[in-house]
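Protein chains in written order, with my numbering: chain A, 1 to 316; chain B, 317 to 632; chain C, 633 to 948; chain D, 949 to 1264.
4 protein chains.
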Amino acid sequence: MPGNTFGKLFKVTTWGESHGKALGAVIDGCPPGLLLNEQDIQKELDKRKPGKGNLISKRKEKDKVEILSGVFEGKTLGTPISMIVRNHDANSKDYKDLRNIFRPGHADFTYYLKYGLWDFRGGGRASGRETVARVMAGAVAKKILSKHTTIIKSKVINIAYPEAYKEGDSSGGTIEIIVKNPPKGLGEPVFDKLNADLAMAVFSIGGIKGLEFGLGFKSAELKGSENNDVFNKTNNAGGILGGISNGEDITIKIAVKPPSSISKEQTALTKNLKKVKIKIEGRHDSCLIPRILPVIESMIAITLVDHLLRRNAIKL
Amino acid sequence: MPGNTFGKLFKVTTWGESHGKALGAVIDGCPPGLLLNEQDIQKELDKRKPGKGNLISKRKEKDKVEILSGVFEGKTLGTPISMIVRNHDANSKDYKDLRNIFRPGHADFTYYLKYGLWDFRGGGRASGRETVARVMAGAVAKKILSKHTTIIKSKVINIAYPEAYKEGDSSGGTIEIIVKNPPKGLGEPVFDKLNADLAMAVFSIGGIKGLEFGLGFKSAELKGSENNDVFNKTNNAGGILGGISNGEDITIKIAVKPPSSISKEQTALTKNLKKVKIKIEGRHDSCLIPRILPVIESMIAITLVDHLLRRNAIKL
Amino acid sequence: MPGNTFGKLFKVTTWGESHGKALGAVIDGCPPGLLLNEQDIQKELDKRKPGKGNLISKRKEKDKVEILSGVFEGKTLGTPISMIVRNHDANSKDYKDLRNIFRPGHADFTYYLKYGLWDFRGGGRASGRETVARVMAGAVAKKILSKHTTIIKSKVINIAYPEAYKEGDSSGGTIEIIVKNPPKGLGEPVFDKLNADLAMAVFSIGGIKGLEFGLGFKSAELKGSENNDVFNKTNNAGGILGGISNGEDITIKIAVKPPSSISKEQTALTKNLKKVKIKIEGRHDSCLIPRILPVIESMIAITLVDHLLRRNAIKL
Amino acid sequence: MPGNTFGKLFKVTTWGESHGKALGAVIDGCPPGLLLNEQDIQKELDKRKPGKGNLISKRKEKDKVEILSGVFEGKTLGTPISMIVRNHDANSKDYKDLRNIFRPGHADFTYYLKYGLWDFRGGGRASGRETVARVMAGAVAKKILSKHTTIIKSKVINIAYPEAYKEGDSSGGTIEIIVKNPPKGLGEPVFDKLNADLAMAVFSIGGIKGLEFGLGFKSAELKGSENNDVFNKTNNAGGILGGISNGEDITIKIAVKPPSSISKEQTALTKNLKKVKIKIEGRHDSCLIPRILPVIESMIAITLVDHLLRRNAIKL
């Protein structure tokens, strides 16, 4: 199951369970000489911190990053950058009753199916908490992109039921990502197209159900004469042609499902395949969007930096 | 630019330009002992052959496969399977006038940007003709899936302008894929989720602009209590939970843009960045959908088989 | 520079500088359900601990392992296993004078050449201390091999100058490795032959200058009729035929150079390319052999387990 | 069994059985703009052609290369370069009697063990003929190295029994490789050291039993004060320090075993594990050295170019 590494030249490996001792990321392939300190990482981590809003979990995630390697005298060495966050407020007791229950919409069942066992404490590795590691790695990627004056902007298009939490329910929503001033020439023909890798990056985040580039599903309703871009005037393609960035804004629209953990009563299955009624208490976000934004930005930043380094490689 | 290989254990490498000598695929990692002959491949290749319909190119693609290695006495050896198709009816003359022109909506500009040169004969490597190689590899993958009684069904949901070709234009459309009886337990947690790899597989095909799993963008408009599946009754998730297949049908909806090559007059750029009016004559499909279906099926089959072999690997 | 990961299915990523905060390994791809605890790791780590002998450094390396993820209720989860060791007795002061000096025989010069900067504190990432992480990963691999009753034995053939340290010098030596009862059928034809991967594994350890399988250089002096093995009687080949293990003992002979750090006066270069006389004080092993044995065993164990999982993958 | 690809950025995939239809190589990742034609490849292929000497097989290998993709108007496109050689003089009849026999010293037994079947016609994929594909890819790599004025020289140190063929026997021997003027800064710390990758490259060729860098086994007999290099004066290390090339000549010594196919009578095993007496007639080299030299050079060239591209990738 070696599926915990992303990228080919800017390689990010993440590890850690929701209620384990810690979560971490190792970046192998960050170029040497980049100014980097813990504040650069912490700043991004704080963006996915649970706040006081109505949409997000009450779990207090201090999430203090520690850089353990790869940085010396304020600069990256070109060696692996290891970053960790210790788990503190992980209340495993909430989960004891779930030891034998597959929660609806969660990965409990499929993990058990595949591995014959699973960490029932908050989903273990399948928890949204795993994204802490992605944000740490994304912070480094963003630092590199900033040298190319590339900025990733994310905005909420819609949250279907902003007050779903009051009824013990949750809500889906949609997001738009715009990469301003992306480097040109990123992406490889055929399988490793930039859009293919970006799609993989985004769908690798739990809860994503749909994704469009440029006009997306709208372009399926058009004629070629309507959809073809006029150079420098329209950007229906969303900044990528033939799998390679052309320098225009990269635009992506993303559908996020409502969180599966709700306190309303639901029917679940036990390991013995009996039906039981459950209410998932714990502390859960009623909408993924506020906290998923920095995660999506991170995955996009990592993908862009990986292709930035890959673009270097083609010189004779 | 090593971006022409797909898969980790069932590795497919493709090569070939639209108007070069030949196109081919090498599969490294096909298990030994699989019954395989050229008819198995030819049958699938014929599905993407240009026909007599109104939607597809008049280019006569005989596309006769030859298996050059990896099969002995009717069975796979476990060694690389090399398959080629020679190009015959590749009329490069049609393209001579395009030597210095970036066609709108095509990869000409981005390839030139990235590589400093490009094969202007029908898009070279960026041509849809490249997918011949994917279909050859997909045929082998389908043969393996059939041993697991897994079937990939594709259907057209909509073609926006069925008679666009009469006005020298082209049309977009939407497709649905249903994987019936998929193996359970495919997909890896975190980055290599089955849906992430399937998305990458599909977006690696030219012309794809949007993709949804299960309810897709619709789930973004729902509450958790509406979206969460009832075991064995609903399949809003589309057959994948936490990145791992649960055995339910895998359902995918895909947006296909209208082909960029149209015979209507358009404005294009020259290498010297001057605007010119062009009509793209050649022989082009006015809608990608009829011929893209077997390609999408192939990429999905390859992805599923790759994960099938990866699932094997976790045994102690 | 993503060169810090080893293996394809049992993937080991290591990180950490000699005088940084910590060293660690992440294993991605360990199958679920393996009994594993910190003692399993600690036991192996203790083998490379500096002792009281004459050959090895006085640096006190407590090297206490902590498992941060991937193990739950005493069993592996199938998720990444993250292990760290904190650095304690790392006396960076010893190295301050070396900020601008390339030590003879060390990687200082080549790192600087490549990265434009380097961690001068004890070699940073190029230090032998990096092997702590390999031994941690190797301990997990050995645990898996023990289920196959495979044992890796290492023995010293020769230490050239056992008392070199008394004269402020160091000594080379040779080692033999015997893998008893290795699984059959490990290794892939062509590039990923088992011997090729084992050679890479061993040469990836600092200080290795030569390696032989079976009769090695001796076989170059023989006739085919002398060198060809008689089934079940001789094992000149060293347990691997055509890149695949045949079940016989795998035998490897390895040449280890004398450590470059000696307290005898030597001529070194400064960053400004001036010659200076230096004596390397610090605390250094006068022969690598005692502590390199568990490292070599670890790399061999990791390679074998990686191929064990790869062998699983070829089933239809 | 995806073990038929070598390299990470200059990726070479080979395919083909000894007595199949053809042999080929696909290079994915060759930079665009390199002048390349079939003569560049043919020139290298001719070096491994069987000649009139006493040491090498009488099989007539015309081995005429055809480039099928990746080159347009005399220059590489940056897309995959596919090259094939058709098999002509493959006399399978010689092998019919071997259908049920495991030849001593050959991979027949281990392939059968692993795959449950094997191509008994001359070893199939395990045949030395597979190296045709390596030489084709090596020719492209050499073309790239020549732009860096890097030259790979190989020389025979010893052939143990030059007239072994007269007695129906074969002979081992030793080789030295010197890479003159290698690019500096090639190789990655830790696992992907240049020497580790070179060792893997060379051991991936059939018949290699031992390998040394620089002083090799000799350095195991020295003191540090004797072995440490004096800058610009000695090169005991063989051009690589800490896994990274320092610009000095890279020196490698290699032990080649005597070919296993001899016409002297030997005892072999049948599939039913009975002992039989066999004389291997066919047409076989009595010493691998003359024809293995261009193969070793090719693997070294491929490795160096792969690291050349990887060195590019570390720029911010």
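Where a beta carbon is used, it is the ideal one built from N, C-alpha and C, also for glycine. Remember, predicted model here, so these are calculated numbers, not experimental data.
Contacts of residue i in chain A (Cβ-Cβ under 9 Å)
i              : result
S701 (chain C) : W15, G16, E17, G20, K21, A22, L23, G24, R125
D751 (chain C) : F72, E73, L77, T79
Candidates the options, of which the one nearest residue i by Cα
i               : options                            : result
P189 (chain A)  : D:G1026, D:I1192, D:E965           : D:G1026
G760 (chain C)  : C:Q671, C:V927, C:I932             : C:V927
A1249 (chain D) : D:V1224, D:L1163, D:I1125, D:A1185 : D:I1125
K694 (chain C)  : C:P682, C:S701, C:E705, C:G702     : C:P682
K21 (chain A)   : C:H738, C:Q898, C:I699             : C:I699
T251 (chain A)  : A:V276, A:L215, A:N228, A:S286     : A:L215
K525 (chain B)  : A:D192, A:N236, A:S225             : A:N236
A139 (chain A)  : A:Q39, A:K166, A:Y112              : A:Q39
L211 (chain A)  : A:A268, A:K180, A:L222, A:D197     : A:D197
P606 (chain B)  : B:L433, B:I491, B:L502, B:F519     : B:I491
C978 (chain D)  : D:N1129, D:P1028, D:Y1060          : D:P1028
V1178 (chain D) : C:K855, C:Q898, C:E880             : C:Q898
E597 (chain B)  : B:Y481, B:L538, B:V381             : B:Y481
N1035 (chain D) : D:S1017, D:V1019, D:G1022, D:V1013 : D:V1013
Beta-carbon neighbours of residue i, restricted to chain A and to distances below 8 Å
i              : result
T619 (chain B) : Those within 8 Å of T619 (chain B) in chain A number zero; the least Cβ separation is about 11 Å.
Y477 (chain B) : K223
G444 (chain B) : In chain order: nothing, as chain A lies at least about 11 Å away.
I989 (chain D) : Within 8 Å Cβ-Cβ: nothing; I989 (chain D) doesn't reach chain A, min ~18 Å.
Under 8 Å by beta carbon: chain C residues contacting residue i
i              : result
T5 (chain A)   : T637, K643, T645, D660
K270 (chain B) : As shown, chain B starts at 317 and ends at 632. That puts residue 270 (chain B) outside it, with no answer to give.
Residues that residue i contacts on chain C, provided the C-beta gap is smaller than 7 Å
i              : result
I556 (chain B) : Under the 7 Å cutoff, chain C gives no residues; its nearest Cβ is about 18 Å from I556 (chain B).
G116 (chain A) : P664, G665
L625 (chain B) : A945
Contact list for residue i against chain A, beta-carbon separation under 7 Å
i               : result
N425 (chain B)  : Per the sequence presented here, residue 425 (chain B) reads as Phe, with Asn not at that position. Those are L241, N246, listed as they occur along chain A.
G1086 (chain D) : Within chain A, no residue comes near G1086 (chain D); the closest Cβ sits about 17 Å away, beyond 7 Å.
7 Å Cβ cut-off: residues of chain B touching residue i
i              : result
P634 (chain C) : Near P634 (chain C) there are no residues of chain B at all, since even the closest Cβ is about 14 Å away, more than 7 Å.
K184 (chain A) : L429
7 Å Cβ cut-off: residues of chain D touching residue i
i              : result
P31 (chain A)  : I1262, K1263, L1264
D861 (chain C) : P1052, G1053
Chain-ordered chain B contacts of residue i [CB-CB under 8 Å]
i              : result
H365 (chain A) : Chain A is shown only over 1 to 316; residue 365 (chain A) falls outside these bounds and no answer can be derived.
Contact list for residue i against chain B, beta-carbon separation under 9 Å
i              : result
P821 (chain C) : G394, T395
Does the region 661-678 of chain C touch the region 753-769 of chain C, meaning 3 or more C-beta pairs lie closer than 8 Å?
Cβ pair count under 8 Å is three or more, so yes.
Which residues of the region 192-208 of chain A have a Cβ closer than 9 Å to any Cβ of chain D? Give them in chain order.
none
Taking 8 Å as the threshold, find out whether the region 886-893 of chain C comes into contact with the region 795-814 of chain C through three or more Cβ pairs.
yes
Which residues of the region 1201-1225 of chain D have a Cβ closer than 7 Å to any Cβ of chain C? Give them in chain order.
For chain C, the residues of the region 1201-1225 of chain D that bring a beta carbon within less than 7 Å of one of its beta carbons are A1203, V1204, K1205, P1206, P1207, S1208, I1210, K1212, Q1214, T1215, L1217, in chain order.
Threshold first: 3 residues or longer. Then list the beta strand (DSSP E) segments lying entirely within the region 1174-1247 of chain D, N to C.
1198-1204, 1214-1218, 1223-1226
Can you give me, in chain order, the residues of the region 706-717 of chain C that have a beta carbon less than 8 Å from any beta carbon in chain A?
K707, L709, G710, T711, P712, I713, S714, I716
Could you name the residues of the region 787-813 of chain C whose beta carbon sits closer than 8 Å to any beta carbon of chain D, in the order they occur along the chain?
N790, A792, Y793, A796, D801, S802, S803, G804, G805, T806
Give, in chain order, every unbroken run of the alpha helix (DSSP H) that is at least 4 residues long and sits entirely within the region 77-121 of chain A.
108-115
Would the region 729-741 of chain C and the region 1186-1198 of chain D be scored as touching if the rule is three or more Cβ pairs under 8 Å?
Contact between the region 729-741 of chain C and the region 1186-1198 of chain D is present, with at least three C-beta pairs closer than 8 Å.
Pairing CB atoms from the region 346-358 of chain B with CB atoms from the region 640-657 of chain C, are three or more of them under 8 Å?
no
Please name the residues in the region 599-618 of chain B whose beta-carbon is closer than 7 Å to at least one beta-carbon of chain A, in chain order.
Listed by position along the chain: nothing, the set is empty.
At least three beta-carbon pairs within less than 8 Å, the region 268-280 of chain A to the region 140-158 of chain A
no
I want to know whether the region 303-315 of chain A touches the region 1-10 of chain A - three or more CB-CB distances under 8 Å.
yes
Quick check on the DSSP output: what are the complete beta strand (DSSP E) runs of length 3 or more inside the region 1070-1107 of chain D, in order along the chain?
1099-1107
Between the region 775-784 of chain C and the region 747-760 of chain C, do at least 3 Cβ pairs fall closer than 8 Å?
no
I'd like the ranges of any beta strand (DSSP E) spanning at least 3 consecutive residues and lying wholly in the region 1106-1149 of chain D.
1121-1128
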